[in-house]
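Colleague:
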Amino acid sequence: MQIAIIGSGISGLSFYLWLHRLNLTTTHSVKIYEARPTTTTSSPTKLTDLQTSNASLIGGALGFSPVGLRVLRRLDPELEEEVLKTGHWMGRWRMSNARGWVLDAKSQLWQRHRDWKNNTVRRIMEDVEIDNVYPTFTTPDLPTWERGGCVLVGDAAHALQPSSGQGASMALEDCEILAMLLAEYQAQGRDGWQTATKLYSDMRIPRLRWIRKEAQKRGAMKHDMGVVQEMVMYFFIWISVKIGLFTKYDRELSEYDVPNEARKAVARHSRGVTSTKR
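Start counting the sequence shown at 1; every next residue gets the next number (the UniProt record's numbering).
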């Protein structure tokens, strides 16, 4: 079997590493395709050597939830340790007030591009009205993540809102589950691989739709609103904390056991049972 991985981002590379860990790279041809120029080396590369790579220059910082860190630990404890060392500890702190402020985006845009000499560009910057510097793009709900030998993982399948804080961790979950299922059914040849990808899609879609819906609720709290609306929102948050609504979400999110869920999916399939458990 020939496996082509399109993209060397967090999903592509972690999926390859899982294939390697489960010995699938010894029995199948695996090739990674990346559009951007990359540096090729046969010598070991430390994580600290990648700080100036293409990957670190695109987008913002990645955050890993507990379930994502557990995936890294199972993949390679040293990899988890390196990620933790290069990250930042996040805890609780008190703000001077509950109300935030909007950054002066137009002023920042002017400072960033003030050296442009072209009059057209300068007029555009002088007249532009900025509501949002970074629009949010998400992947619409897809009916399936696999078809005809093509399988979607990570953002290609479920680009989430930044308010979810789960994009990287869900990509890691995808890769571990898909690799485990492929390893489970590889002895059955092409039919087995089709079974594995179908199970993967059926497992992951309900969980990601649930996370997307919860992220939409939390993201709505960050929109501009009046003082009264904001006070009502904070009261709702206080009530939710008291009755454990947020705790329930965090628990269901972080206690997801990837290997166990994969094993249960295989057992259900052997019994001819389907499930939409998130």
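The C-beta atom is built at its ideal place from N, Cα and C for all residues, glycine as well.
#1: DSSP on V227, reduced to helix/strand/coil?
#2: When the Cα of L79 is compared with those of N119, L109, S14, which residue comes out closest?
#3: Going by C-alpha distance, which of R123, L152, R114, M1 is nearest S11?
#4: List in chain order: all unbroken alpha helix (DSSP H) runs of 4+ residues lying wholly within the UniProt domain "FAD-binding" (144-186).
#5: Taking a contact to mean a Cβ-Cβ separation below 8 Å, would you say V30 touches I6 in this structure?
#6: Helix, strand or coil for A4, going by three-state DSSP, please let me know.
#7: Helix, strand or coil for K117 per DSSP?
#8: To the nearest angstrom, how far is it from the Cα of D250 to the Cα of P66?
#9: Assign H88 to one of two classes, buried (16 or more other C-beta atoms within 10 Å of its C-beta) or exposed (fewer than that).
#10: Who are the Cβ neighbours of G272 in its own chain at under 6 Å, not counting the five residues just before and after it?
#11: I211 and L160 - do their beta-carbons sit closer together than 8 Å?
#12: Flag this pair as yes or no: are the beta carbons of E146 and K198 separated by less than 8 Å?
#13: Express the C-alpha separation of A187 and C150 in angstroms, rounding to a whole number.
#14: A179 and D155 - do their beta-carbons sit closer together than 8 Å?
#15: Using the Cβ count rule (16 or more neighbours within 10 Å means buried), how would you classify G9?
#16: Could you give the distance in angstroms between the alpha-carbon of D174 and the alpha-carbon of L208?
#17: Would DSSP call Y234 helix, strand or coil?
#18: Starting from V71, trace the alpha helix (DSSP H) in both directions and tell me its first and last residue.
#19: In whole angstroms, what separates the C-alpha of V83 from that of N119?
#20: Taking only three categories from DSSP, how would you classify Y33?
#21: Straight-line CA distance for S169 to S240?
#22: With a threshold of 6 Å on Cβ separation, who are the neighbours of G165 within its own chain once the five nearest residues in sequence on each side are excluded?
#23: Determine the direct distance from the alpha carbon of V121 to that of H113, and round the result to whole angstroms.
#24: Count the other C-beta atoms from every protein chain shown that fall within 10 angstroms of the C-beta of G189, then say buried if there are 16 or more, exposed otherwise.
#25: Around the C-beta of W193, are 16 or more other C-beta atoms found within 10 angstroms, so that it is buried, or is it exposed?
Modeller: Per the coordinate set shown:
#1: helix
#2: S14
#3: L152
#4: 155-158, 167-185
#5: Cβ distance not < 8 Å, so V30 and I6 don't count as in contact.
#6: strand
#7: coil
#8: 10 Å
#9: exposed
#10: none
#11: Closer than 8 Å, so yes.
#12: yes
#13: 19 Å
#14: no
#15: buried
#16: 10 Å
#17: helix
#18: 66-75
#19: 46 Å
#20: strand
#21: If you take the alpha carbons of S169 and S240, they lie about 25 Å apart.
#22: Once the five neighbours on either side are set aside, the close Cβ partners of G165 are G63.
#23: 9 Å
#24: exposed
#25: buried
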